[in-house]
Amino acid sequence: MSGGTVVVTGANGTLGLAFIASALKDFPIHHLILTVRNPSQKDINTAKLHALLSKIPDARYTIHTLDLSTLAAVRTFATLITTQITNGELPIAAIICNAFAWSLTSGLKFTPDGSMDKTNGRIIGMSSDSHDPGLNALEVFPPAIPADIEELAKPPPDAPRGEVGRGFQRYGVSKLCVVMYTDPALKGITAIALDPGGLPDSRAMSNDTPVAWGILMKYFLNPLQPVLKFAVPTLRKSGAAEKDLVQLGLGEVYRGANGYYIMSKPGKSSADSYDEAKCARLWERSVVWSGIEPAGTVGVMPVLSRSPYMNFRK
Numbered sequence: 000m001s002g003g004t005v006v007v008t009g010a011n012g013t014l015g016l017a018f019i020a021s022a023l024k025d026f027p028i029h030h031l032i033l034t035v036r037n038p039s040q041k042d043i044n045t046a047k048l049h050a051l052l053s054k055i056p057d058a059r060y061t062i063h064t065l066d067l068s069t070l071a072a073v074r075t076f077a078t079l080i081t082t083q084i085t086n087g088e089l090p091i092a093a094i095i096c097n098a099f100a101w102s103l104t105s106g107l108k109f110t111p112d113g114s115m116d117k118t119n120g121r122i123i124g125m126s127s128d129s130h131d132p133g134l135n136a137l138e139v140f141p142p143a144i145p146a147d148i149e150e151l152a153k154p155p156p157d158a159p160r161g162e163v164g165r166g167f168q169r170y171g172v173s174k175l176c177v178v179m180y181t182d183p184a185l186k187g188i189t190a191i192a193l194d195p196g197g198l199p200d201s202r203a204m205s206n207d208t209p210v211a212w213g214i215l216m217k218y219f220l221n222p223l224q225p226v227l228k229f230a231v232p233t234l235r236k237s238g239a240a241e242k243d244l245v246q247l248g249l250g251e252v253y254r255g256a257n258g259y260y261i262m263s264k265p266g267k268s269s270a271d272s273y274d275e276a277k278c279a280r281l282w283e284r285s286v287v288w289s290g291i292e293p294a295g296t297v298g299v300m301p302v303l304s305r306s307p308y309m310n311f312r313k
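Heads up: the sequence shown begins at 0 in numbering that gives the first Met the number 0, then just goes up one per residue.
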C-alpha cells in the first residue's frame with residue numbers, strides 16, 4: 000500500500016497528540032498535515048506537539064496554522080489542500096476533525112465572522128453522548144435542532160445564570176451536527192462520527208468551565224478511572240480512545256465503515272440525527288452561513304472525489 004495524507008485538526012489537543020503518536024508509529028507510510036490555532040512553541044500545547052514529533056526522527060508531517068473560527072482562514076486552507084489534490088501532490092487517506100473549543104462560564108460568544116484511498120478513504124468527525132438528549136449528566140437543556148434553524152448560527156442571548164447550561168447545550172448541538180451533516184448532491188461519502196467516550200485526562204475542562212467541573216475531572220474521575228470504568232465503560236483515558244480513532248481512520252478492519260460509532264462499535268445516534276429533512280436543511284443552511292458557493296462547496300468535496308485515496312460511498 001502506498002502512502003497517503005492524513006489531515007488532523009486540533010493536532011495539539013489531548014486526543015490529537017495521542018492519535019499522532021500512534022499514527023506515526025503504526026502507519027509511518029502516511030504523511031500527516033497537522034493544524035493548530037497557535038503555531039508558536041510558546042503555546043504550551045503546541046510545544047507538546049513539537050516535543051512529541053522530535054522523538055520520532057523519521058516522522059513525515061507538516062504543521063499548518065488554522066483558526067477554524069475564521070472562515071477566511073478555513074477557505075485559504077481548503078484552497079491549499081484542493082490545489083495540492085488537483086495537482087496530484089496530496090492523495091488524502093483520511094481527515095480527522097478533532098478541533099473544538101467552548102465557552103461555558105463566560106457565556107455566548109461569536110466568531111469574527113459573526114456566526115482518500117479508493118477503498119480506504121475516510122472522514123472522521125468527533126461526536127459524543129452529549130448529542131443525544133438525556134445521556135449526559137452535565138445536560139441541563141436537551142440538544143436539538145431549533146425550530147428556527149437560524150438560531151444555530153445566531154443563538155438568542157442566554158438568560159442570567161443560564162450560561163453554563165445553554166453553553167453545554169450548544170456543545171451538544173454541535174456534536175449532533177457532526178452526526179447529521181449530509182449533502183443530497185454528494186451521495187456516497189464514507190464518513191464516521193465517533194463518540195470516543197468520556198476522557199477524564201482531557202484538557203477540555205481547563206478553560207472557561209465551572210471550577211467544580213475541573214476539580215471533579217482532575218481529582219476524582221481521572222485518578223479513579225481505572226476503577227470507575229467497570230461501572231462506566233465509556234469512561235477511559237485518551238490513550239485508549241486514540242487506538243479506536245487510529246483504527247477507524249486508517250485501519251484495514253474498518254475499510255468502508257460508515258455512520259455513528261461509540262468507541263470501536265457501531266452505535267445508535269439520537270432521533271434527530273435520523274431526520275433526513277433536518278439533515279438536508281442543516282447542510283443547506285451551513286453552506287449559506289459559510290459563504291460557500293453551492294456549486295463548489297469550496298471545491299473540496301468534488302476534488303476529493305477525484306483523489307486516488309478517497310472512496311465516496313454511502
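All C-beta atoms, glycine included, are put in the ideal place defined by N, C-alpha and C.
Exposure of residue i, with buried meaning 16 or more beta-carbon neighbours within 10 Å
i	result
Phe18	buried
Thr61	exposed
Asp271	buried
Ala192	buried
Asp57	exposed
Leu223	exposed
Asn37	exposed
Phe229	exposed
Gly15	buried
Val5	buried
Pro90	buried
Ala203	buried
Alpha-carbon spacing of residue i relative to residue j, whole angstroms
i	j	result
Pro27	Arg165	42 Å
Thr118	Asn44	Low local confidence applies: a pLDDT of 46 at Thr118 is under 50, so the model's placement there is unreliable, and no value is given.
Val177	Asp128	12 Å
Thr189	Val7	17 Å
Gly290	Lys153	15 Å
Ser285	Ser68	14 Å
Lys217	Ala158	29 Å
Leu185	Ala276	Unreliable placement is indicated for Leu185, whose pLDDT of 48 sits below 50; no coordinate value is reported for it.
Ala146	Gly3	42 Å
Leu303	Thr81	The predicted model places Leu303 with a pLDDT of 40, which falls under 50 and marks its position as unreliable, so this point remains unresolved.
Arg160	Leu134	23 Å
Phe219	Glu283	43 Å
Ala71	His63	15 Å
Ser102	Leu151	15 Å
Leu227	Val73	40 Å
Lys24	Ala46	20 Å
Arg254	Ile261	17 Å
Asn86	Arg59	20 Å
Asn221	Asp66	29 Å
Range covered by the beta strand (DSSP E) that runs through residue i
i	result
Gly258	258-261
Tyr60	60-64
Thr4	4-8
Leu193	190-194
Ile95	91-96
Test item: CB-CB of residue i and residue j under 7 Å
i	j	result
Met179	Cys96	no
Ala143	Pro195	no
Tyr273	Gly266	no
Ser263	Asp243	yes
Asp200	Ser237	yes
Lys247	Ile123	Sequence check: residue 247 is Leu here, not Lys. Yes, they are a contact pair.
His29	Ala77	no
Val245	Ala22	yes
Gly250	Glu162	no
Closest Cα partner of residue i within the set the options
i	options	result
Leu31	Leu48, Asn37, Asp243	Leu48
Gly213	Pro225, Leu198, Leu227, Val226	Leu198
Thr13	Ile148, Phe99, Val252, Ser173	Phe99
Glu330	Gln40, Ser126, Gly124, Arg169	Here the chain comprises residues numbered 0 to 313, so residue 330 is not present and cannot be evaluated.
Val172	Pro141, Val163, Ala93, Pro156	Pro141
Ile148	Asn11, Arg280, Gly9	Arg280
Thr34	Leu89, Thr233, Ile94, Pro90	Ile94
Ser53	Arg254, Pro225, Ala20	Ala20
His130	Ser102, Leu249, Lys174	Lys174
Met125	Val5, Gly9, Arg254	Gly9
Alpha helix (DSSP H) segment containing residue i, residue limits
i	result
His49	43-53
Asp25	13-25
Ala77	70-85
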